[in-house]
Amino acid sequence: MAVYMIQTPIHTVQFEAFATEQLKQHGYRITQPRKAIMAFFASTDAPYSAYEIQAAMAAQGTAMDTVTIYRTLECFETLHLLHRVPSGSRYVRCHTQCSETNKAHARHYLLVCERCDDITEISDSIPRELLRHLENTTGFSLGDKAIEVRGECASCQS
Ligand SMILES: [Zn+2]
Ligand SMILES: [Zn+2]
Ligand SMILES: [Zn+2]
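See below:
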């Protein structure tokens, strides 16, 4: 039973190149706000709320209104470049470089530590099978958003 932990930070340039490619492939233009938010998430592994991102943008001289921020975040989430962590309404960079965005594609799992707030993204085929089983037996449709699992990380338990 292999669980692949994806913790290697993706280099800034690599994430930006990948994100740019995904945007182009899906017919999105590389606008200034998209470029700035892309660069912001390339530089961090931590999750941020829309307001924190807005403040960070303002601090670096790229003032953006809330609507632009939310639209950009939604666009990135649709392309699986960022994930929204539902429990805290924050956004975190995706670590899988997945280019599948179709519905019923659910293979982004975020392990969220309730103590230290650390987020680990895992990529594994086993939960996927389990979720398929859930869908088949209940008729429930999962969509393509990341699935959040809450608990305590390894270092907080020791
Ligand atoms: Zn992901
Ligand atoms: Zn994906
Ligand atoms: Zn922890």
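In our numbering, the protein residues as written are 97 to 254. Cβ atoms here follow ideal geometry from the backbone N, Cα and C, with glycine treated the same way.
For residue i, I'd like the list of residues in its chain whose CB is within less than 6 Å of its CB, leaving aside the five on either flank, ordered along the chain.
i, result
"Thr-168", "Pro-129, Arg-130 and Ile-133"
"Phe-114", "Gln-193"
"Glu-173", "Arg-180"
Rounded to the nearest angstrom, what separates residue i and residue j at their Cα positions?
i, j, result
"Glu-248", "Gly-184", "16 Å"
"Leu-226", "Gln-110", "32 Å"
"Arg-203", "Arg-224", "6 Å"
"Ser-254", "Ser-237", "37 Å"
"Ala-138", "Leu-230", "34 Å"
"Ala-159", "Ile-218", "34 Å"
Which class does residue i belong to by DSSP, given the choice of helix, strand or coil?
i, result
"His-229", "helix"
"Tyr-187", "strand"
"Tyr-166", "helix"
"Tyr-124", "coil"
Taking the DSSP output, what are the residues bridged to residue i?
i, result
"Gly-247", "Cys-209"
Please list, in chain order, all residues of the same chain as residue i whose beta carbon is under 7 Å from its beta carbon, the five residues on each side excluded.
i, result
"Tyr-166", "Ala-146"
"Glu-117", "none"
Counting along the chain, where does the beta strand (DSSP E) carrying residue i start and finish?
i, result
"Arg-130", "Not the beta strand (DSSP E): Arg-130 falls in the alpha helix (DSSP H), residues 128 to 138."
"Arg-180", "178 to 181"
Within the same chain, show all residues whose beta-carbon is closer than 8 Å to that of residue i, passing over the 5 residues directly before and after it, in chain order.
i, result
"Arg-211", "Glu-248, Cys-249 and Cys-252"
"Ile-243", "Ala-202, His-204, Tyr-205, Leu-206, Pro-223 and Leu-227"
Could you give the first and the last residue of the continuous alpha helix (DSSP H) run that contains residue i?
i, result
"Gln-150", "146 to 155"
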